[in-house]
Amino acid sequence: MRAFEYVVADSSAAARALAREVGAARFYAGGTTLVDLMKADVERPQRVVDISRLPLTAIERRGDVVRIGALARNSDVAYDATVAQAFPAVSEALLSGASGQIRNSATIGGNLLQRTRCTYFRETRWRCNKREPGSGCDALDGFNRGHAILGTSDACIATFPGDLPVALAALSAHVVIEGDAGERTIALEDLYLLPGDEPQHETSLAPGELITAIELRVEPLHARSHYLKVRDRASYEFALASVACAVELDGGRIAQARIALGGVATVPWRAVDAEAALAGAPPDDSAFRHAADVALSGARTRAHNGYKVELAKRAIVRALRTVCGGAA
Amino acid sequence: MRTTERPAVPPRSSAPLTLRLNGRDATFVVEPNVTLLDLLRERAGLTGTKKGCDRGQCGACTVLVNGRRTLSCLALALVHAGDEITTIEGLANGGELHAVQAAFVEHDAFQCGFCTSGQILSAVAVIAEGRAHSDAEISEAMSGNLCRCGAYPNIVAAIAAVQGAG
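Protein chains in written order, with the numbering used here: chain A, 18 to 345; chain B, 979 to 1144.
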């Protein structure tokens, strides 16, 4: 690991100021992604701003909104009684990610900003437009079995690696961001940028901004939700395809549905057209399969990731079956 | 996302660090880029905590931080000022093995032993967490600790035995 300056922030405002003083600063929350990528020489901060002790760990319900502090640890959020009951997909997504040890360190805010597991990004001997803008992408014609089939560009096909943000996308979560002008709240999907021609820009965060919380709304739709993760191993592995879904049933029909996909896209991927296809339909395999076909209709595959199209479709059908099971 | 500019002289500001190490205060002077794992092994001489992958993938470096299992390879040492760190050296009570250590011996839960410190620290925490009851739940809870000798069934049996005795 290269040398860097280490400073501890005693407030969120101080943290933002400390980060802006140098050209390349990184916030240290749980450290699990940052330290890993610093060892890989992918992250090379001049200054690391330790925010891990800031008082942003509360999980609070105010009316119908649950606000989760950005420094709440993944394990604490996953087992929180309110979260598990009101947002099952969130709890399931958190518990499907990483290991017990990593979940004890990793934070909610940091998890939103987790970097891709693309080998060509993580190992500096390869060309990567995300790591070295304009250098090229060795994944395009390389071994791309794990790479994205939705939201890709000619510059980048790196898969968004997270589980939690996929569940948050399906549950229309919002992200609370603190900046010089105060606090702003954006839809989770608006945090993420498609790679386009500039895959080095991954989020809409401005320099000096800090994620301080996420917010979720308590409603029947979100309580009937589920996260399904398909991977090469039974545990401790990233998704090849994952599905977060939520369904509200009314009189034997689907009143409304939410679907988001992970493991197959460059960002947490909300399948809006598939949701529309389910509205008013009966909760049966025919409708589920049609929605799955719609969700993957824009997929663009490379040499080794074509299997993800059918895998994601079957995962969608299975997740919808699960969430509609025992329907009243 | 990142700038390529580097300061001519990288900052190397070592800082004093005091933490609780197996029940005792311990003070070091540490560079920012020293991990908790390297602090334990190289500075504190506690080599029972193993460096396996050093990238957060194998679990061999698992220690307890304020009672919670944590990967010491993915943590900067300076971040843990004031924290209570428990390593494998801190588990036994004098000459009396911790119940999980004794169970690992009893159930032959290791072969080469390289992963064992991390397995035992993780197991102590899993039992304290109290959420893993069936063999399948124990396996899932322990999935962050790899064992290349394949002692998994005996590790699960050791943990189940301690929980059953509790």
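Idealized CB from N, CA, C, for every residue including glycine.
Please list, in chain order, the chain B residues whose beta carbon lies closer than 7 Å to that of residue i.
i, result
"A:Asn121", "Arg1046, Arg1047, Thr1048"
Which whole-angstrom value is the C-beta distance of residue i and residue j, which I expect to be below 8 Å?
i, j, result
"A:Ser170", "A:Pro212", "5 Å"
"B:Thr1027", "B:Ser1095", "6 Å"
"B:Ala1059", "B:Leu997", "6 Å"
"A:Ile333", "A:Ala316", "Contact doesn't hold; Cβ gap of about 12 Å is too wide."
"B:His1085", "B:Ala1136", "4 Å"
"A:Val326", "A:Ile166", "6 Å"
"B:Leu1042", "B:Ala1103", "6 Å"
"A:Ala308", "A:Ala329", "No, A:Ala308 and A:Ala329 are not in contact; Cβ-Cβ is about 12 Å, not under 8 Å."
"A:Arg37", "A:Gly225", "4 Å"
Mind listing the chain A neighbours of residue i? Cutoff is C-beta to C-beta under 8 Å, in chain order.
i, result
"B:Val1057", "Tyr45, Gly48, Asp67, Ser69"
"B:Asp1032", "Lys56"
"B:Ala1037", "The amino acid occupying residue 1037 of chain B in the given sequence is Gly; Ala does not appear at that position. Per Cβ cutoff of 8 Å: Ser116, Gln118."
"B:Ser1100", "Gly117, Gln118"
What do you reckon, are the CB atoms on residue i and residue j nearer than 8 Å?
i, j, result
"A:Ile228", "A:His191", "no"
"A:Thr133", "A:Ala175", "yes"
"A:Val235", "A:Val340", "no"
"A:Ile125", "A:Ala87", "yes"
"A:Arg248", "A:Ala256", "yes"
"B:Val1134", "B:Ile1105", "no"
"B:Cys1051", "B:Thr1013", "yes"
"A:Val183", "A:Leu278", "yes"
"A:Arg120", "A:Asn146", "no"
"A:Tyr137", "A:Gly168", "no"
"A:Val65", "B:Pro994", "no"
"A:Gln217", "A:Pro150", "yes"
"A:Ser242", "A:Pro62", "no"
"B:Ser1121", "A:Ser29", "no"
"A:Ala32", "A:Phe44", "yes"
"B:Leu1049", "A:Gln118", "yes"
"A:Ala172", "A:Gly47", "no"
"A:Arg319", "A:Asn161", "yes"
"B:Thr1064", "B:Asn1132", "no"
"A:Ser113", "A:Lys246", "yes"
"A:Ser69", "B:Val1078", "no"
"A:Asp53", "B:Arg1033", "yes"
"A:Gly280", "A:Ala263", "no"
"A:Ala298", "A:Ile271", "yes"
"B:Arg1109", "B:Ala1119", "yes"
"A:Gln273", "A:Leu238", "yes"
"B:Arg1047", "B:Ser1100", "yes"
On the DSSP letters alone, give me the boundaries of the alpha helix (DSSP H) that residue i sits inside.
i, result
"A:Tyr45", "Not the alpha helix (DSSP H): A:Tyr45 falls in the beta strand (DSSP E), residues 42 to 45."
"A:Ser252", "Segment: none, A:Ser252 is in no alpha helix (DSSP H) and carries neither H nor E."
"B:Thr1048", "It is not in any alpha helix (DSSP H) - B:Thr1048 instead sits in the beta strand (DSSP E) that spans 1046 to 1049."
"A:Arg139", "136 to 139"
"B:Glu1084", "1077 to 1084"
"A:Arg338", "324 to 341"
"B:Ser1100", "1094 to 1107"
"A:Val235", "It is not in any alpha helix (DSSP H) - A:Val235 carries neither H nor E in the DSSP assignment."
"B:Tyr1130", "1130 to 1143"
"B:Glu1115", "1113 to 1119"
"A:Val94", "91 to 95"
Please report the residue range of the beta strand (DSSP E) in which residue i lies.
i, result
"A:Tyr79", "Note that residue 79 of chain A is Arg in the sequence shown here, rather than Tyr. Residues 76 to 79."
"A:Cys262", "258 to 267"
"B:Thr1064", "1062 to 1064"
"A:Ser29", "No beta strand (DSSP E) contains A:Ser29, which is instead part of the alpha helix (DSSP H) from 29 to 37."
"A:Tyr244", "242 to 247"
"B:Ala993", "993 to 999"
"A:Leu181", "No beta strand (DSSP E) contains A:Leu181, which is instead part of the alpha helix (DSSP H) from 181 to 187."
"B:Asp1003", "1002 to 1008"
"B:Thr1040", "1040 to 1043"
Starting from residue i, find everything on chain A with Cβ-Cβ shorter than 7 Å and list it in chain order.
i, result
"B:Ser991", "Glu22"
"B:Ser1121", "Ser116, Ser252, Tyr253"
"B:Thr1040", "Gln118"
"B:Val1007", "Ordered by position in chain A, no residue passes the 7 Å Cβ test against B:Val1007, which lies about 13 Å from the chain."
"B:Glu1118", "Ser252"
For a contact defined as C-beta to C-beta under 9 Å, what are the partners of residue i on chain B?
i, result
"A:Gln131", "Within 9 Å Cβ-Cβ: nothing; A:Gln131 doesn't reach chain B, min ~12 Å."
"A:Lys246", "Simply none; closest approach about 13 Å."
Run through chain B and tell me which residues come within less than 8 Å of residue i, C-beta to C-beta.
i, result
"A:Asp53", "Arg1033, Gly1034, Leu1052"
Does residue i have its Cβ less than 8 Å from a Cβ in chain C?
i, result
"A:Arg134", "Note that chain C does not occur in the displayed structure, where the protein chains are A and B."
Which residues of chain A have a Cβ atom closer than 9 Å to the Cβ of residue i, listed in chain order?
i, result
"B:Val1104", "Gly117"
"B:Glu1062", "Under the 9 Å cutoff, chain A gives no residues; its nearest Cβ is about 14 Å from B:Glu1062."
Please confirm whether any heavy atom of the ligand SAH lies closer than 7 Å to the CB of residue i.
i, result
"B:Glu1074", "Although the ligand SAH was asked about, the structure shown includes no ligands whatsoever."
*Going along the chain, which unbroken runs of the alpha helix (DSSP H) with 4 or more residues stay wholly within the region 271 to 317 of chain A?*
289 to 295, 302 to 312
*Can you give, in chain order, each stretch of the beta strand (DSSP E) that sits fully within the region 193 to 231 of chain A and has at least 3 residues?*
199 to 204
*Ignoring anything shorter than 3 residues or poking outside the region 48 to 87 of chain A, list the beta strand (DSSP E) runs there in chain order.*
64 to 67, 76 to 79, 82 to 86
*Scan the region 104 to 164 of chain A and note each continuous alpha helix (DSSP H) run of 4 residues or more that stays entirely inside, going in chain order.*
105 to 113, 117 to 122, 125 to 129, 136 to 139
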